[in-house]
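Start counting the sequence shown at 12; every next residue gets the next number (our numbering).
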Amino acid sequence: MATQAKWELSGSYFENCNCSVVCPCLVSVGPPLTARPTEGVCDVALVFHIDKGRYAEASLDDLNVVVAVHTPGPMGEGNWTLAAYIDERANDQQTEALGTIFSAGCHSSL
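1. Answer yes or no: do L57 and E26 have a C-beta to C-beta separation smaller than 7 Å?
2. Starting from the Cα of V78, find the closest Cα among V40, P42, L37 and G110 and give me that residue.
3. Which residue from H81, P85, D98 and E99 puts its Cα closest to that of T92?
4. Our contact map puts Y66 next to W18 with C-beta atoms below 8 Å; I'd like the distance itself, whole angstroms only.
5. Under three-state DSSP, which class holds T92?
6. Hey, how far is the Cα of Q104 from the Cα of D73?
7. For a test of the three-state rule: what should DSSP assign to D54, helix, strand or coil?
8. For A101, which residues from the same chain have a beta carbon less than 6 Å from its beta carbon, with the 5 sequence-adjacent residues on both sides left out?
9. Please state whether DSSP places E19 in a helix, a strand or coil.
10. According to the Cβ coordinates, are V52 and P83 closer than 7 Å?
11. Could you spell out the range, first to last residue, of the alpha helix (DSSP H) harbouring V32?
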């Protein structure tokens with residue numbers, strides 16, 4: 012079994028989804044990501060600016076990532092479709108690291 016590289020990020024985060032007012036995932040009284048989207052499906056853009064970050068030996072400082080997600084119902088039910096848009100300033104090692112971090116788990120049941 013391959014060992015997962017250690018990583019850590021800190022910075023700013025913004026999201027905007029297609030729900031009517033406030034994303035039910037953020038204010039749900041139930042477990043995280045189990046609330047039904049107000050429009051039936053969830054379309055969300057997640058924007059990240061990394062002030063400081065590392066993935067193994069790769070520095071991720073001052074890079075940006077946008078993740079666009081679609082789920083056919085509550086996010087916690089899976090079946091995600093995801094695209095990660097990685098800062099064009101990232102070198103190959105940084106691009107691979109950010110792709111791994113921001114798509115982790117999406118190749119399985121999500």
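Idealized CB from N, CA, C, for every residue including glycine.
Let me lay it out:
1. yes
2. G110
3. H81
4. 4 Å
5. strand
6. 15 Å
7. strand
8. L74
9. strand
10. yes
11. First-last for V32: undefined, no H or E at that position.
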